[in-house]
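If you count the first sequence from 1, you need to add 367 to reach the working numbering.
Just so it is clear, CB atoms sit at the ideal spot from N, CA and C, and this is done for glycine as well.
Note sheet for the following structure.
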Amino acid sequence: MATNQGPVYALCDVNSFYVACERLFRPDLRDKPVVVLSNNDGCAIAMCSFSKSLGIKIGTPYFEIKSLLKRHNIEWFSSNYGLYGDISQRFNWVLQQFTDKVSPYSVDESFLLFEGFNGDLDEHCLKLKNTVWEWLSLPICVGLGPTKTLAKVANHYAKKHKQSTHGVVNLCSTRNRQWALENLAVENIWGVGRRLSRKLKLQGIFTAWDLHNCDYKTLQRMFSVNMERTILELRGQPCLSFNEQPKPKQSILNSRSFGTAISSRSDLKEALSYHATRCCEKLRKQSSLANSIQFFLHTRDGNHPQVTLSLTEPSDDTSLFLQAIELGLKRVYDSSQTYKKAGVMLLGLEPSKGYQSDIFDQTRQRPELMESLDSINAKFGQDAIKFGSLGFDKRWAMRANARSPHYTSRWGDIVSVS
DNA sequence: TCTGGGGTCCTAGGACCC
DNA sequence: TCTGGGGTCCTAGGACCC
């Protein structure tokens with residue numbers, strides 16, 4: 368039995384998370400191949416191992432795999448982010464039963480922190496893994512290490528050798544670490560993407576072990592402080608902090624490609640108003656105000672006109688942002704263009720608590736109105752009440768031809784057992 | 001013909017000031 | 001008419017992540 372010195376990070380991630388979510392309420396799919404498509408049913412973003420073995424990768428366009436899906440009788444789904452978000456919360460709740468230090472990193476993975484853990488940590492994590500399976504039917508892998516980057520490396524091996532490792536790999540002892548790093552290509556290190564790995568290879572750095580042995584000061588000058596941190600983390604020296612409380616977002620974005628390209632100004636206004644409405648909801652949910660709004664359009668011929676407008680004072684009132692859009696659209700709208708995509712971003716965020724508004728301008732702050740709007744929509748569904756500029760047509764709405772039911776968030780979609 | 005969306009952080013370069 | 005350099009702030013763009 369090993370007593371661990373120093374803090375240990377564990378990375379728990381769900382294998383093919385979206386596929387696992389789709390299978391959750393469809394036990395008949397447990398052993399059937401499944402693929403999940405991106406927004407607009409544009410490309411594959413999650414797939415089971417069988418589909419992977421056929422050569423379907425993340426980002427493969429739907430039209431390229433359409434016949435393959437049919438031929439192999441693969442079930443495919445449009446993405447259902449409402450469902451995935453909900454299952455993600457349940458996943459984190461289970462993790463919290465095993466340590467009080469849980470830091471969600473993305474929808475399908477979370478870091479855990481163990482400090483002064485007494486006992487067999489590997490055994491503890493194996494139990495965690497089995498519990499997530501028993502309670503939620505989610506298959507997960509766990510990687511342990513003295514830094515987040517090494518926990519990521521460990522997780523990589525846990526996933527790669529699920530059978531022999533039982534899905535749990537620990538790189539806390541230096542014994543296995545050299546082997547693990549020697550056999551990990553530099554592009555598979557967390558924080559080293561395609562561009563950086565190409566540059567590193569030009570320097571003769573091919574594996575994680577090569578990078579581990581580099582002079583970090585030299586690499587810091589050649590690349591950036593991030594590279595320096597990665598090297599130190601690979602050596603077991605923590606540089607990345609553990610954030611228990613997710614920080615409020617510094618910017619909020621909502622954007623979509625259109626299901627079909629549009630060119631009318633009223634359609635564009637509707638789409639932008641829709642995105643601004645969603646942004647403002649997120650803004651109020653994290654109790655922030657924004658002082659400016661930016662929106663962008665993508666035209667069919669590859670231009671990206673964009674406008675940024677500032678408010679006279681920070682606000683979370685949807686109507687002010689809708690007015691700004693109306694104003695900005697006048698500037699950039701070109702009736703001869705065809706548009707493929709639109710998006711809205713809120714910038715200059717600050718906490719709404721404690722904000723002192725201009726005493727001469729209080730008519731523009733209507734928190735009660737926004738609160739009522741949010742609570743009515745929470746009860747009766749998105750856009751039960753909305754501003755007129757959102758319109759009714761949604762000619763621009765995205766494609767989602769095979770979305771699964773909202774099993775966990777819509778009364779009408781709850782599974783019934785007969 | 002048809003290829004997603006939402007974030008973060010870092011750096012370089014320009015504007016401005018003293 | 002000639003002439004310096006350092007600091008700060010902002011923005012755009014690049015790179016990364018899932």
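Coarse secondary structure for residue i, derived from DSSP in three states
i, result
"residue 533", "coil"
"residue 762", "coil"
"residue 683", "coil"
"residue 751", "coil"
"residue 621", "strand"
"residue 757", "helix"
"residue 770", "strand"
"residue 775", "coil"
"residue 695", "helix"
"residue 375", "strand"
"residue 629", "strand"
"residue 730", "With a pLDDT of 46 at residue 730, under the threshold of 50, the modelled position of this residue cannot be trusted; read the value that follows with caution. The answer is helix: DSSP assigns residue 730 an H, G or I state."
"residue 744", "helix"
"residue 501", "helix"
"residue 595", "helix"
"residue 616", "coil"
One or two residues paired with residue i in a DSSP bridge
i, result
"residue 429", "Per DSSP, none; premise fails for residue 429."
"residue 675", "661"
"residue 717", "656"
"residue 709", "623 and 664"
"residue 380", "476 and 508"
"residue 518", "Residue 518 pairs with nothing; no bridge assigned."
"residue 525", "Partner(s): none; residue 525 has no beta bridge."
"residue 552", "574"
For residue j and residue i, believed in contact at Cβ under 8 Å, the rounded distance
i, j, result
"residue 394", "residue 409", "That belief does not hold up - the Cβ atoms of residue 394 and residue 409 are roughly 29 Å apart, past 8 Å."
"residue 618", "residue 716", "7 Å"
"residue 635", "residue 659", "Not really, about 20 Å apart at Cβ, beyond 8 Å."
"residue 558", "residue 496", "The Cβ separation is near 25 Å, so there is no contact."
"residue 413", "residue 384", "7 Å"
"residue 705", "residue 667", "4 Å"
"residue 662", "residue 671", "Actually they do not touch by this definition, with Cβ atoms about 11 Å apart."
"residue 513", "residue 375", "6 Å"
"residue 447", "residue 770", "5 Å"
Residue i versus residue j: straight-line alpha-carbon distance, rounded
i, j, result
"residue 438", "residue 431", "13 Å"
"residue 784", "residue 459", "27 Å"
"residue 511", "residue 673", "44 Å"
"residue 505", "residue 568", "37 Å"
"residue 442", "residue 578", "42 Å"
"residue 737", "residue 685", "8 Å"
"residue 782", "residue 695", "45 Å"
"residue 554", "residue 401", "27 Å"
"residue 490", "residue 780", "39 Å"
"residue 615", "residue 522", "28 Å"
"residue 656", "residue 691", "15 Å"
"residue 389", "residue 450", "9 Å"
"residue 416", "residue 774", "25 Å"
"residue 551", "residue 507", "21 Å"
"residue 546", "residue 701", "59 Å"
"residue 708", "residue 576", "43 Å"
"residue 722", "residue 649", "18 Å"
"residue 612", "residue 630", "43 Å"
"residue 639", "residue 710", "7 Å"
"residue 494", "residue 714", "43 Å"
"residue 651", "residue 472", "22 Å"
"residue 766", "residue 445", "8 Å"
"residue 654", "residue 718", "6 Å"
"residue 454", "residue 748", "19 Å"
"residue 603", "residue 520", "12 Å"
"residue 750", "residue 665", "25 Å"
"residue 598", "residue 586", "9 Å"
"residue 377", "residue 478", "6 Å"
"residue 488", "residue 539", "11 Å"
"residue 425", "residue 528", "21 Å"
"residue 764", "residue 625", "6 Å"
Check: residue i C-beta below 7 Å from any heavy atom of the ligand COA
i, result
"residue 561", "In the structure shown, the ligand COA is absent, as is every other ligand, since no ligand is present at all."
Item to check | Within the stretch 384 to 431, ranges of the beta strand (DSSP E) (whole runs, at least 3 residues) | outcome: Listed in chain order, the complete beta strand (DSSP E) runs (minimum 3 residues) inside the stretch 384 to 431 are 401 to 404 and 411 to 414.
Next on the checklist: Suppose only complete runs of 3+ residues qualify. What are the beta strand (DSSP E) ranges in the stretch 434 to 494, listed by chain order?
Outcome noted: Runs found: 442 to 444, 469 to 473 and 476 to 481.
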